[in-house]
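Asks: If you scroll down you'll find the structure; I have some questions about it.
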Amino acid sequence: MLLAKRCYAKDHIKSRNTLKLGTLFEYQATEIKEIADADEGTYVFSLNFRGTVAVERSWFQTLMQNTICLWGDEDGVEPVQFPGRTDAYFIHVNPRVIDGKTVELTDSTAVIKREALNSFIFCMAQVRTPEEAAEILPHYDSQWLMDRQRANLFAYGLGRLLLREIWRKRKKGEHVVPESLDLNKLDLSVQHGLVTYAPRALTFGDGCDLTLDRLKPLLWGMAFLKTPDYSPEKEYRFQYTLVYEGKIIEPLSKNLIITDVEALAALII
Numbered sequence: 001m002l003l004a005k006r007c008y009a010k011d012h013i014k015s016r017n018t019l020k021l022g023t024l025f026e027y028q029a030t031e032i033k034e035i036a037d038a039d040e041g042t043y044v045f046s047l048n049f050r051g052t053v054a055v056e057r058s059w060f061q062t063l064m065q066n067t068i069c070l071w072g073d074e075d076g077v078e079p080v081q082f083p084g085r086t087d088a089y090f091i092h093v094n095p096r097v098i099d100g101k102t103v104e105l106t107d108s109t110a111v112i113k114r115e116a117l118n119s120f121i122f123c124m125a126q127v128r129t130p131e132e133a134a135e136i137l138p139h140y141d142s143q144w145l146m147d148r149q150r151a152n153l154f155a156y157g158l159g160r161l162l163l164r165e166i167w168r169k170r171k172k173g174e175h176v177v178p179e180s181l182d183l184n185k186l187d188l189s190v191q192h193g194l195v196t197y198a199p200r201a202l203t204f205g206d207g208c209d210l211t212l213d214r215l216k217p218l219l220w221g222m223a224f225l226k227t228p229d230y231s232p233e234k235e236y237r238f239q240y241t242l243v244y245e246g247k248i249i250e251p252l253s254k255n256l257i258i259t260d261v262e263a264l265a266a267l268i269i
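Structure representation (structure tokens):
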């Protein structure tokens with residue numbers, strides 16, 4: 001498999017020796033319609049419980065936002081926690097406690113809205129051939145390719161260059177993170193992988209129970225989740241989350257031009 005980056009010829013990594021990192025929030029606001037996504041980094045799920053469905057107590061507490069508890073809180077069951085912002089509520093709820101671990105919901109509907117904290121991202125496409133890549137975002141007139149097996153080298157190489165660029169900006173009086181932060185304590189969480197394309201409405205029927213294992217990956221990886229209408233992009237995404245003393249720091253800039261990227265250019269085909 002190949003990873004492809006569509007671009008204009010003038011912006012090719014080997015022509016400019018630069019690479020642009022965007023952010024989740026930039027893609028929400030961009031006017032470039034081919035790449036715009038007003039809901040980038042956010043997702044609203046409608047959870048429809050048809051018939052009677054067993055729900056883990058922690059999930060019920062999540063959907064109720066701890067507003068009520070049907071069994072008392074003596075054993076300290078907590079709602080599921082996610083990074084970023086979460087809002088959840090029932091539009092209609094008909095619950096019945098079964099035991100200490102489970103609640104039955106009958107013909108109920110809930111909504112979960114998730115929003116990821118802002119982070120830097122770099123987007124490519126996973127394809128089989130250069131010709132397949134050329135069909136993605138056809139308004140671009142050029143592309144560069146990399147073997148999929150080099151994705152991890154690319155991911156961490158770009159991460160190191162990102163931290164270097166943040167230091168360079170600081171020395172010029174330009175701040176990617178708040179000026180008060182000690183850059184020696186700034187860390188980077190690096191993730192990369194295929195984007196999941198999932199519908200906004202999920203239906204659970206009789207005998208189809210809502211468990212952590214089924215839903216948690218979708219709600220956790222918001223930066224890697226888009227609606228099915230974006231699936232032709234075949235996106236493979238690199239995400240860079242800034243971390244300071246264990247807390248996520250949202251970047252002050254909507255994008256960043258990484259300079260002197262010869263080491264990354266050496267990885268491409």
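Using my numbering, read the sequence shown as starting at 1 and increasing by one per residue. Beta carbons are placed, not taken as given, at the ideal position from N, Cα and C, and that holds for glycine.
1. Within 10 angstroms of its Cβ, does L3 collect 16 or more other Cβ (buried), or is it exposed?
2. Please name the residue, chosen from Y8, I249 and L215, that lies closest to T23 on a Cα-to-Cα basis.
3. If we call anything under 8 Å between Cβ atoms a contact, is S189 one with Y8?
4. Does DSSP classify P95 as helix, strand or coil?
5. Have a look at N94, R164, I91 and Q65 and flag the residue whose alpha-carbon is nearest the alpha-carbon of E82.
6. From the DSSP output, in three-state form, read off Y89 for me.
7. Quick check: what's the CA-CA separation for G193 versus Y89?
8. For V111 versus V103, is the C-beta distance shorter than 8 Å?
9. Inspect the CB distances between the segment 236-250 and the segment 116-124 and report whether three or more fall short of 8 Å.
10. Suppose you measure from the CA of G100 to the CA of G51; what does that come to, to the nearest Å?
11. Give the DSSP bridge partners of I121, in chain order.
12. Give me the residue from A155, W144, L163 and V77 with the minimum Cα distance to I13.
Replies: Walking through what the data contain:
1. Mapped onto the sequence shown, residue 3 falls at position 3. Flag for L3 reads buried.
2. Along the sequence shown, read from residue 1 onward, the residue named residue 23 stands at position 23. Considering only Y8, I249 and L215, the residue with the shortest C-alpha distance to T23 is I249.
3. What you label residue 189 is simply residue 189 of the sequence shown in a count that begins at 1. What you label residue 8 is simply residue 8 of the sequence shown in a count that begins at 1. Pairing S189 with Y8 gives a Cβ-Cβ distance that is not under 8 Å.
4. If you number the sequence shown from 1, residue 95 lands on position 95. Here P95 sits in strand by DSSP.
5. Counting from one through the sequence shown, the residue named residue 82 turns up at place 82. Reading off the sequence shown, one finds Phe at residue 82, where the question assumed Glu. Here the closest residue by C-alpha is Q65.
6. Counting from 1 along the sequence shown, the entry for residue 89 is found at position 89. Y89 carries a strand assignment under DSSP once its states are collapsed to helix, strand and coil.
7. As a first step, residue 193 is located in the sequence shown; it is residue number 193 there, counting from the start. As a first step, residue 89 is located in the sequence shown; it is residue number 89 there, counting from the start. Taking the straight line from one Cα to the other gives about 31 Å.
8. Position 111 of the sequence shown, counted from the first residue, corresponds to residue 111. Position 103 of the sequence shown, counted from the first residue, corresponds to residue 103. Not closer than 8 Å, so no.
9. A contact exists between the segment 236-250 and the segment 116-124.
10. Along the sequence shown, one-based indexing puts residue 100 at 100. Along the sequence shown, one-based indexing puts residue 51 at 51. Separation of G100 and G51 (C-alpha to C-alpha, rounded to the nearest whole angstrom) is 21 Å.
11. Along the sequence shown, one-based indexing puts residue 121 at 121. As computed with DSSP, I121 is found in a beta bridge with G22 and Q239.
12. Counting from 1 along the sequence shown, the entry for residue 13 is found at position 13. If you compare the alpha carbons of A155, W144, L163 and V77 with that of I13, the shortest gap goes to W144.
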